[in-house]
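K.L.:
First to last, the sequence lines map onto chains A and B. The first sequence lines up with residues 1 to 370 when you count with my numbering. The second sequence lines up with residues 371 to 740 when you count with my numbering. Positions of the beta carbon are idealized from the N, C-alpha and C atoms, including for glycine.
There are 2 protein chains.
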Amino acid sequence: MSINLEQLQPRLLLGPGPSPVSPRILAALARPTLGHLDPQFLEVMDEVADGLRIAFGTRNAMTFPVSGTGSAAMEAAMANVLEPGDTAIVGINGVFGGRLTEMARRMGAEVVPIEAEWGRIVDPEQLIDALRAHPHARVVATVLAETSTGVEQPLADIGKAVADTDALFVVDAVTALGGTPVNVDANHIDVCYSGTQKCLGVPPGLGPITFSAKAMDRITSRDRSCQSWYLDVALLAGYLGSERKYHHTAPINMVYALHEGLRALIEEGLEARFQRHARVGRRLQGELEQRGFRMFAQEGHRLPQLTSALLPEGREEGPLRRRLLDDHAIEVGGGLGAAKGKLWRIGLMGHGAADANVDRLLSAVDDVMA
Amino acid sequence: MSINLEQLQPRLLLGPGPSPVSPRILAALARPTLGHLDPQFLEVMDEVADGLRIAFGTRNAMTFPVSGTGSAAMEAAMANVLEPGDTAIVGINGVFGGRLTEMARRMGAEVVPIEAEWGRIVDPEQLIDALRAHPHARVVATVLAETSTGVEQPLADIGKAVADTDALFVVDAVTALGGTPVNVDANHIDVCYSGTQKCLGVPPGLGPITFSAKAMDRITSRDRSCQSWYLDVALLAGYLGSERKYHHTAPINMVYALHEGLRALIEEGLEARFQRHARVGRRLQGELEQRGFRMFAQEGHRLPQLTSALLPEGREEGPLRRRLLDDHAIEVGGGLGAAKGKLWRIGLMGHGAADANVDRLLSAVDDVMA
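(1) Check whether the Cβ of residue 177 (chain A) lies closer than 8 Å to any Cβ atom in chain B.
(2) Pick out the complete beta strand (DSSP E) segments inside the region 511-545 of chain B, 3 residues or longer, and give them in chain order.
(3) Please state whether DSSP places residue 13 (chain A) in a helix, a strand or coil.
(4) Run through chain B and tell me which residues come within less than 8 Å of residue 246 (chain A), C-beta to C-beta.
(5) Say whether the region 341-349 of chain A touches the region 273-281 of chain A, bearing in mind that this needs 3 or more beta-carbon pairs closer than 8 Å, one atom from each stretch.
(6) State the DSSP-derived secondary structure class of residue 480 (chain B), mapped to helix, strand or coil.
(7) So, are the CB atoms of residue 157 (chain A) and residue 135 (chain A) less than 8 Å apart?
(8) Could you tell me whether any Cβ in chain A is nearer than 8 Å to the Cβ of residue 494 (chain B)?
(9) Within its chain, find whatever has a CB closer than 6 Å to the CB of residue 175 (chain A); leave out the 5 residues flanking it on each side and keep chain order.
(10) What are the partner residues of residue 48 (chain A), as DSSP defines its beta bridges?
(11) Report the residue from A:109, A:113, A:87 whose alpha carbon sits nearest the alpha carbon of residue 96 (chain A).
(12) Got a sec, what are the start and stop residues for the alpha helix (DSSP H) residue 728 (chain B) sits in?
(13) How would you write the range of the alpha helix (DSSP H) that residue 634 (chain B) sits in, first residue to last?
(14) Under 8 Å between the Cβ atoms of residue 425 (chain B) and residue 632 (chain B)?
(15) Is the beta carbon of residue 540 (chain B) closer than 8 Å to that of residue 561 (chain B)?
(16) How many Å lie between residue 626 (chain B) and residue 5 (chain A) at the Cα?
(17) Here's the rule: buried if 16 or more other CB atoms are within 10 angstroms of the residue's CB, otherwise exposed. What is residue 519 (chain B)?
(18) I'd like to know whether the C-beta of residue 747 (chain B) is nearer than 8 Å to at least one C-beta of chain A.
(19) Figure out for me which residue from A:178, A:61, A:90 has the closest Cα to the Cα of residue 213 (chain A).
(20) Take every Cβ of the region 206-222 of chain A, pair it with every Cβ of the region 310-320 of chain A, and state whether three or more of those distances are shorter than 8 Å.
(21) Consider the Cβ of residue 623 (chain B): report whether some Cβ of chain A lies at a distance smaller than 8 Å.
(22) Going by Cα to Cα distance, which pick from B:638, B:578, B:622 is closest to residue 13 (chain A)?
(23) Could you tell me if residue 386 (chain B) is buried or exposed, where buried requires 16 or more neighbouring beta carbons within 10 angstroms of its beta carbon?
(24) Mind listing the chain B neighbours of residue 28 (chain A)? Cutoff is C-beta to C-beta under 8 Å, in chain order.
(25) With 8 Å set as the bound, which would you pick, yes or no: does the beta-carbon of residue 9 (chain A) sit closer than that to a beta-carbon of chain B?
(26) Return the CA-CA distance between residue 49 (chain A) and residue 64 (chain A), expressed in angstroms with no decimal places.
(27) For residue 458 (chain B), which three-state DSSP category applies?
(28) Near residue 178 (chain A), what residues of its chain come up, given a Cβ to Cβ distance below 7 Å and the 5 sequence neighbours on each side ignored?
(29) Could you have a look at residue 39 (chain A) and say whether DSSP puts it in helix, strand or coil?
(30) Using a Cβ cut-off of 8 Å, which residues of the region 206-217 of chain A contact any Cβ in chain B, in chain order?
(31) For the putative contact between residue 577 (chain B) and residue 440 (chain B), defined by C-beta atoms under 8 Å, what is the C-beta separation to the nearest angstrom?
(32) Determine, using beta carbons only, whether residue 403 (chain B) comes closer than 8 Å to chain A.
(33) Within 10 Å of its beta-carbon, does residue 377 (chain A) have 16 or more other beta-carbons around it, so buried, or fewer, so exposed?
(34) Our contact map puts residue 661 (chain B) next to residue 453 (chain B) with C-beta atoms below 8 Å; I'd like the distance itself, whole angstroms only.
(35) Name the chain B residues whose beta carbon is nearer than 9 Å to that of residue 381 (chain A)?
(36) Taking residue 371 (chain A) as the reference, which of B:712, B:563, B:618 has the closest Cα?
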């Protein structure tokens, strides 16, 4: 083991995540470790739940950080509400809708896939029609902010339609939370999850999640236990509630970092934060278009915090992206799946959503494209 | 959110984990976050695998930190090797054998429980006999260091017996790794997992795990996919191997901390580390016996790093333990399950296994018992 961590070259993280972590959050991460049953730590955990409720826009009691990354939170969402034989209607317009589908199948569910072209939204009417055609469906799931394409999915109509049924509305807000509105309660979302390493500006390692009372009713009336012991919300409730019963050891220092990230969010204010992400992201998108890039995401449904940009004709993305990293210490992401080799994914998320970063990136882009 | 993390009172962590984290590891945790596909980070990840191989005593290629705590690693172990209908023989002499059983059942496996009284080892002959009686069993699982009782389980004979069959030997080394010998290859262990927050002295949040070639053969010839997408080793291999394919975002900063923890382990040397844990732990056990405590774990099978001590007659553990925390800022653990209310669990693990900590604890014990 020869690497000295102090000699790693820092990068400006403008990819699809992790996003830049501010010094105050790194400092929080390094506070002395406490025990997971220490009364002091339990208070920190309670405040984290309070902060997450603000970020999610919910009053849900069962709101907490899953002890894993955003994908663990996605698995927690699906594993807790689905049982073998259940039907799940899933909107798929990128990698993460596909991942939801794969997880639902591993839970033994039948999936009704509602597909849309990558870069376009899933038609809310198609999801609502599918629910009418499958009135006993357990879940309608969709991705609010598709990290693989930069598309923002409209939720309100789907949420209203699902709320009138026994189905649960599951929403992936991994790239949205803390950057663009999620509004769990107003959108009638029953299960919503995220990751810490996007617009919250915290290192990867926790998956914030929230369950509505309707979702909790479903969970407590399951026929069979959740397939996952680790992610079983019925067990986790024993630790998170007043009983404080040991389930597993919480990732203490990561919880500190999330606490600090949520404090920063509350200090800035959710609206101000959304406006900052919107303004900086729109500016980047305009500047890139002026340089011959084309936006991959459907107009009117583009996320400001995650821009997917097709390179100008004749430009190969891989070598240019590598030059951004090697010559300018800037990380941007390549395409995933169907978009591989075609586009860049540029994140301006959390602490990273700043004009200075847009300036630095554009100057580097001009250099490598020259 | 009113808590200022800087004002949390530090504790001396002498419970069953988390253990004290040294300043160098806290500093590593706070290094600037890199992307999970950054070539620099991939090198760190490769070195972490090298360090884990040394700690585990193995040459297994598939050795890595699960992106969750030790319980997530336990679930990864069971979920990857078991399919519905498989038989799992599980030794149970405390909480964590019980947890293995519960997880195996959630995977759809039939469990053959081999129980022993809490505080005693599981009779290796009984496990071996069970394997003879169930020759098609898929798994024989046991806990090397039972954190709920302080018992160290002998493995060598079980490992030899399992190696002669098609079954896989699964061992929980959560409280052992980095403190007492694990010897994965010498003990013919096929799947072994741990947590970072015990004798490695790293904050909680990662679950080191290793799979033998025999285990990997089993995994690649499964009839059905692993129930868990997040923990599926067949998918994780795409990221950990030369392909470097995105699976999920690794908990970057926690991996830094583990890297530093493994560097510290290698600098000290595994043997020196074992001797330090043994010497300091035995000293504590002797001193406690002189004060009227009785050791809960069977003589000859007591872990030095985790002491379970029954309080002197007539002493109530809860209020005294609370005084250790409130008056002396020392955390020790209470009993779990069958041992609740009867004993203390005292950890001298990782950075915490030091004479100065024994001195401080004994002085505090003398005070609260006075």
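P.N.:
According to the structure shown:
(1) Sequence index remark: in the first sequence, residue 177 (chain A) carries index 177 (1-based). Chain B, which has no Cβ nearer than 8 Å to the Cβ of residue 177 (chain A), makes this no.
(2) 538-542
(3) On the first sequence, residue 13 (chain A) is found 13 positions in, with the first residue counted as 1. In this structure, residue 13 (chain A) counts as strand in the three-state DSSP scheme.
(4) Here residue 246 (chain A) corresponds to residue number 246 of the first sequence, with the count starting at 1. Residues of chain B passing the Cβ test: 706.
(5) yes
(6) As a working mapping, residue 480 (chain B) is identified with position 110 in the second sequence. Here residue 480 (chain B) sits in strand by DSSP.
(7) For the purposes of this step, residue 157 (chain A) is taken as residue 157 along the first sequence, with counting starting at 1. For the purposes of this step, residue 135 (chain A) is taken as residue 135 along the first sequence, with counting starting at 1. Not closer than 8 Å, so no.
(8) Sequence index remark: in the second sequence, residue 494 (chain B) carries index 124 (1-based). It does not: the Cβ of residue 494 (chain B) has no partner Cβ on chain A nearer than 8 Å.
(9) Taking the first residue of the first sequence as 1, we reach residue 175 (chain A) at position 175. Contacts found: 145, 147, 198, 306.
(10) The sequence position of residue 48 (chain A) within the first sequence is 48, counting from 1. DSSP lists no partner for residue 48 (chain A).
(11) Taking the first residue of the first sequence as position 1, residue 96 (chain A) is located at position 96. Here the closest residue by C-alpha is A:113.
(12) The residue labelled residue 728 (chain B) in the question sits at position 358 within the second sequence. From DSSP, the alpha helix (DSSP H) with residue 728 (chain B) extends over 725-739.
(13) The residue given as residue 634 (chain B) occupies position 264 in the second sequence. From DSSP, the alpha helix (DSSP H) with residue 634 (chain B) extends over 622-638.
(14) Numbered from its first residue, the second sequence carries residue 425 (chain B) at position 55. Numbered from its first residue, the second sequence carries residue 632 (chain B) at position 262. Cβ atoms of residue 425 (chain B) and residue 632 (chain B): closer than 8 Å.
(15) Here the question's residue 561 (chain B) lines up with position 191 in the second sequence. Here the question's residue 540 (chain B) lines up with position 170 in the second sequence. The answer is yes: Cβ separation under 8 Å.
(16) Translated into the one-based positions of the second sequence, residue 626 (chain B) becomes position 256. Translated into the one-based positions of the first sequence, residue 5 (chain A) becomes position 5. Using only the alpha carbons, I get a separation of about 7 Å.
(17) Within the second sequence, the letter at position 149 stands for residue 519 (chain B). Classification for residue 519 (chain B): buried.
(18) Because chain B spans 371 through 740 in this model, residue 747 (chain B) falls outside it and cannot be assessed.
(19) One-based indexing of the first sequence puts residue 213 (chain A) at position 213. Closest option to residue 213 (chain A), Cα to Cα, is A:61.
(20) no
(21) The residue you call residue 623 (chain B) lines up with position 253 of the second sequence. Answer yes: the Cβ-Cβ gap between residue 623 (chain B) and chain A drops below 8 Å somewhere.
(22) To locate residue 13 (chain A), count along the first sequence from 1; it is residue 13. Ranking B:638, B:578, B:622 by Cα distance to residue 13 (chain A) puts B:622 first.
(23) Here residue 386 (chain B) is taken as the residue at index 16 of the second sequence, counted from 1. Buried.
(24) Numbered from 1 along the first sequence, position 28 holds the residue referred to as residue 28 (chain A). Per Cβ cutoff of 8 Å: 375.
(25) As a working note, residue 9 (chain A) is residue 9 in the first sequence. Answer yes: the Cβ-Cβ gap between residue 9 (chain A) and chain B drops below 8 Å somewhere.
(26) Position 49 of the first sequence, counting from 1, holds the residue named residue 49 (chain A). Position 64 of the first sequence, counting from 1, holds the residue named residue 64 (chain A). Going by the C-alpha atoms only, they are around 5 Å apart.
(27) Reading the second sequence from its first residue, position 88 is the one you call residue 458 (chain B). Three-state DSSP puts residue 458 (chain B) in a strand.
(28) Residue mapping note: residue 178 (chain A) aligns to position 178 of the first sequence, counting from 1. Within the same chain, residue 178 (chain A) has close Cβ partners 55, 199, 200, 265, 273, 350.
(29) If you number the first sequence from 1, residue 39 (chain A) lands on position 39. Correct three-state label for residue 39 (chain A): helix.
(30) none
(31) Indexing the second sequence from 1 puts residue 577 (chain B) at position 207. Indexing the second sequence from 1 puts residue 440 (chain B) at position 70. That pair is a contact at about 5 Å.
(32) Working through the second sequence from its first residue, we reach residue 403 (chain B) at position 33. Interface residue, yes.
(33) No information on residue 377 (chain A) is available, as it lies outside the stretch 1 to 370 that chain A covers here.
(34) Sequence index remark: in the second sequence, residue 661 (chain B) carries index 291 (1-based). Sequence index remark: in the second sequence, residue 453 (chain B) carries index 83 (1-based). Going by Cβ atoms, the distance from residue 661 (chain B) to residue 453 (chain B) rounds to 51 Å, so no, they are not a contact pair.
(35) The structure shown does not extend to residue 381 (chain A), since chain A spans only 1 to 370, so no value can be given for it.
(36) Residue 371 (chain A) lies beyond the stretch modelled for chain A, which goes from 1 to 370, so this question has no answer here.
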